[in-house]
Amino acid sequence: MNGNSAVQRFLPHLGVLLVGVIIFLLPNIGPTGKVLSLATTTVIFAVGGAGLGFLWGQAGQLTLAHAAVFGLGAYTAAICGKMLGTTFVEALPLSILVGAISGGLVALPSLRTKGHYFVILTFAIGEVLAVIEQRWDSLTGGANGILITAGRQTVLGFTLMRRAEYYQLTVIFLTVVSLLLLILTRSRWGTILRGMRENADLAASLGVNIAKQRLIAFAIAGAIAGLAGQLYVYQVQFIAPSSFTTQTSIMFLLVTLLGGKAYLFGPAVGALAYFFLPELFGLPPITNQIAFGALLVLMILLAPEGLLSVIGRTRRFFSRMRTRSRMTHELEAREAAAEKGGQS
Amino acid sequence: MTQLLSTSKLGKNFGGNRALNGVDFRADAGEIVGLIGPNGSGKTTFFNCVTGFLTPSAGRVSWRGADVTGSTPGKLAKLGLVRTFQEKMVFPGLSVRENVRFAIIQHGERDLSEERIRGALTYVGLTTDIMDHKAGDLPWGQCRLLGIALALVLKPALILLDEPFAGTNRLAAHQVTQVLFKLKADGIGAIIVEHEMSLLLPACDRVVAFASGQVIGEGTPAEIIHNPAVREAYFGADHAA
Chain A
1 MNGNSAVQRF
11 LPHLGVLLVG
21 VIIFLLPNIG
31 PTGKVLSLAT
41 TTVIFAVGGA
51 GLGFLWGQAG
61 QLTLAHAAVF
71 GLGAYTAAIC
81 GKMLGTTFVE
91 ALPLSILVGA
101 ISGGLVALPS
111 LRTKGHYFVI
121 LTFAIGEVLA
131 VIEQRWDSLT
141 GGANGILITA
151 GRQTVLGFTL
161 MRRAEYYQLT
171 VIFLTVVSLL
181 LLILTRSRWG
191 TILRGMRENA
201 DLAASLGVNI
211 AKQRLIAFAI
221 AGAIAGLAGQ
231 LYVYQVQFIA
241 PSSFTTQTSI
251 MFLLVTLLGG
261 KAYLFGPAVG
271 ALAYFFLPEL
281 FGLPPITNQI
291 AFGALLVLMI
301 LLAPEGLLSV
311 IGRTRRFFSR
321 MRTRSRMTHE
331 LEAREAAAEK
341 GGQS
Chain B
1 MTQLLSTSKL
11 GKNFGGNRAL
21 NGVDFRADAG
31 EIVGLIGPNG
41 SGKTTFFNCV
51 TGFLTPSAGR
61 VSWRGADVTG
71 STPGKLAKLG
81 LVRTFQEKMV
91 FPGLSVRENV
101 RFAIIQHGER
111 DLSEERIRGA
121 LTYVGLTTDI
131 MDHKAGDLPW
141 GQCRLLGIAL
151 ALVLKPALIL
161 LDEPFAGTNR
171 LAAHQVTQVL
181 FKLKADGIGA
191 IIVEHEMSLL
201 LPACDRVVAF
211 ASGQVIGEGT
221 PAEIIHNPAV
231 REAYFGADHA
241 A
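Chains as they are written, first to last, in the numbering used here: chain A, 1 to 344; chain B, 1 to 241.
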């Protein structure tokens with residue numbers, strides 16, 4: 001490998017690292033409390049969206065029960081905190097485990113149904129879970145929800161009750177989840193998942209146990225949603241069934257779609273656009289929603305593969321331009337040489 | 001010759017429609033068997049039943065003498081019985097390289113080197129300059145060859161090819177034929193469903209003819225061409241003699 005190509009390969013990684021550092025140090029540039037709160041929500045939805053992006057983009061499985069699994073993770077942390085007095089760290093493995101198990105359970109209908117039918121089933125599962133959360137008063141607090149407080153808890157030296165520090169902690173979780181998903185995507189198993197996404201029958205004929213691999217993929221996405229749920233409940237310090245309806249699933253879906261489901265950082269970019277773009281308009285609420293809706297339609301029309309696909313498309317455009325320019329130069333040089341030869 | 005695959009009184013019903021009706025069949029190691037029959041005669045249903053994509057309604061499927069009726073496609077692939085598909089033969093959104101990588105990983109090999117991938121492609125006559133192309137962008141004939149390459153990476157004892165010549169141009173058809181001869185030379189058995197007789201028959205050791213979900217004739221290619229029941233199934237009663 002020559003020096004130039006090594007630099008070219010390293011540059012994107014350096015860019016991602018730099019952006020990561022800037023995001024982590026956001027509190028140091030003195031944002032308002034509102035911006036910081038919105039940034040924390042963005043990062044939490046980026047974590048949850050990363051799980052859906054993995055499932056949808058890599059394994060080709062779309063679920064509308066993602067918010068329900070996200071909610072179960074949140075309820076696990078809240079119920080454990082309130083009833084058992086567990087800390088954030090103690091509740092974390094439980095939230096992840098509950099997310100993984102419920103994610104796996106959502107996958108079960110996919111073993112007998114396909115495509116749109118499966119998506120409709122996941123929608124139904126999400127609705128059923130929301131009803132259970134609402135009706136099981138003794139455990140979930142029903143429509144009144146559960147209030148929790150982190151008190152003076154610290155995790156990795158970050159105080160949960162301090163807005164800036166909690167934001168930085170969520171960025172660390174996003175980094176860990178992204179690294180984990182990067183490793184999975186680039187692994188041998190990642191190739192198997194993409195193959196299943198492209199052609200499940202062929203994958204089965206080549207020896208893949210489709211049911212087992214789908215269950216694992218759903219469990220991983222569920223575990224990430226469970227983690228995001230716990231991060232969410234410790235941010236808002238209140239939990240109610242209304243936070244985890246199909247509307248929240250659509251939010252995850254939009255976040256993933258906007259950034260690009262095929263990209264590791266697609267949901268993160270999507271979450272950034274979803275939460276911050278409406279703020280930039282600064283219009284009255286209803287006009288703002290209309291403007292944001294129109295912008296979403298425009299984005300999906302112009303970049304159906306997600307905002308991150310624009311980078312690849314731009315790169316390919318410039319590459320084509322360079323090739324065209326080089327060919328023109330070569331042609332001109334050849335013509336000049338031919339003319340010179342003719343004169344001599 | 002060692003018997004690999006056999007079926008006994010195999011049947012498959014779809015509601016009131018009897019797609020397969022008491023099919024007795026066998027394929028031996030290293031043997032190339034052609035499976036012919038008019039449209040709707042049950043060839044693809046037979047493929048689906050023996051490869052685990054459909055569960056038979058009656059009868060038994062055996063692999064090396066053991067009952068494998070109702071086994072999953074994955075389990076059968078691990079035993080050495082692999083198939084290709086008529087339409088969905090590759091992973092269209094993945095590169096050719098990643099297609100082959102998939103099969104190598106599934107075979108449990110550690111070696112994912114470029115050389116290993118090239119070897120799999122050149123065995124079926126594909127050039128290695130297509131490695132970075134999306135499989136879905138390849139011409140139909142190259143797709144077919146790639147599909148066969150994926151199945152062969154698993155080093156099967158028996159490969160079931162579903163219409164390998166369909167939609168291919170002359171060059172690709174010639175390449176598929178060459179692959180069939182290579183399989184034979186390497187002792188790999190094959191069952192081939194095909195309508196294109198002029199391409200199929202020269203490659204086959206034995207041909208089995210289906211009609212209305214039943215076996216109506218069996219023999220060498222020469223015998224099957226002159227079989228009255230087969231001629232009747234294809235051309236009607238006037239051409240049976």
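C-beta: ideal position from N, C-alpha, C; glycine also.
Taking 8 Å as the threshold, the shortest C-beta distance from Pro156 (chain B) to chain A does not fall below it.
Chain-order list of chain A residues neighbouring Glu98 (chain B): Thr191, Arg194 and Gly195, by C-beta distance under 9 Å. Of the candidates B:Leu35, B:Leu154, B:Leu4 and B:Arg170, B:Leu4 places its Cα closest to the Cα of Val61 (chain B).
The beta-carbon separation of Leu121 (chain A) and Ala68 (chain A), rounded to 12 Å, does not stay under the 8 Å limit for a contact. Glu198 (chain A) belongs to the set of residues whose beta carbon lies under 8 Å from a beta carbon in chain B.
Annotation for Glu127 (chain A): the continuous alpha helix (DSSP H) segment containing it runs Gly115 to Arg135. Scanning its chain for C-beta atoms nearer than 6 Å, with the 5 sequence neighbours on each side dropped, one finds around Leu183 (chain B) the residues Ala190, in chain order.
Note that the C-beta distance between Leu52 (chain A) and Ala39 (chain A) is not below 8 Å. In chain order, Thr51, Pro73, Ala77, Val82 and Arg83 make up the part of chain B whose C-beta sits under 7 Å from the C-beta of Ser205 (chain A).
Taking 8 Å as the cut-off, the Cβ atoms of Gly60 (chain A) and Met196 (chain A) count as close.
A check of alpha carbon separations from Cys204 (chain B) across B:Thr44, B:Leu171 and B:Leu161 identifies B:Leu161 as the nearest. For the set A:Ala333, A:Gly293, A:Gly103 and A:Gly266, the Cα lying nearest the Cα of Leu64 (chain A) is the one of A:Gly103.
Contact check for Phe275 (chain A) and Gly71 (chain A): beta-carbon distance about 19 Å, past the 8 Å limit, so the pair fails to qualify. Under the three-state reduction of DSSP, Ala58 (chain B) is assigned to strand. Taking one beta carbon from each stretch, the segment 322-334 of chain A and the segment 48-58 of chain B have fewer than 3 pairs nearer than 8 Å; the two do not touch. Using a C-beta cut-off of 8 Å, the segment 286-299 of chain A makes no contact with the segment 77-86 of chain A, since fewer than three inter-stretch Cβ pairs fall below that distance.
Within the segment 145-214 of chain B, the alpha helix (DSSP H) runs of at least 4 residues that lie entirely inside it are, in chain order, 170-185 and 197-200. Look at Val68 (chain B) here: in three-state DSSP terms it is coil, with no helix or strand label. For Ile36 (chain B), the pairing in a beta bridge is given by DSSP as B:Ala209.
His66 (chain A) and Ile216 (chain A) have their alpha carbons spaced roughly 15 Å apart.
Taking the beta carbon of Arg326 (chain A) as reference, no residue of chain B falls within 8 Å; the closest one sits roughly 20 Å away. Nearest to Gly260 (chain A) by alpha-carbon distance, out of A:Asn28, A:Thr32 and A:Gln58, is A:Gln58.
In terms of beta-carbon proximity, Met89 (chain B) lines the interface with chain A, with at least one pair separated by less than 8 Å. For Tyr75 (chain A), the number of other beta carbons within 10 angstroms of its own is at least 16, and it is reported as buried. Among the residues facing chain B, Leu308 (chain A) is not included, as its CB has no counterpart in that chain under 8 Å away. Residue environment: Asn99 (chain B) is assigned as buried (16 or more neighbouring CB atoms within 10 Å of its CB, all protein chains considered). Within 10 angstroms of the beta-carbon of Ala66 (chain B) lie fewer than 16 other beta-carbons, which makes it exposed.
Interface flag for Pro164 (chain B) against chain A is unset, since no Cβ pair is found closer than 8 Å.
Gln3 (chain B): member of the beta strand (DSSP E) spanning Gln3 to Phe14, first to last residue. Within the same chain, and ignoring the five residues on either side of Val68 (chain B) in sequence, the residues whose Cβ sits closer than 6 Å to its Cβ are Val61. At a cut-off of 8 Å between beta carbons, Val208 (chain A) contacts chain B. Put simply, the CB of Phe46 (chain B) is far from chain A, with every gap to its CB atoms at 8 Å or more. Against chain A, a Cβ distance below 8 Å from Gly93 (chain B) picks out Arg194, Arg197 and Glu198. Secondary structure at Glu339 (chain A): helix, using DSSP grouped into helix, strand and coil. Rounded to whole angstroms, Arg186 (chain A) and Leu193 (chain A) show a C-alpha spacing of 11 Å. The beta carbon of Leu150 (chain B) falls within 8 Å of a beta carbon belonging to chain A, placing the residue at that interface.
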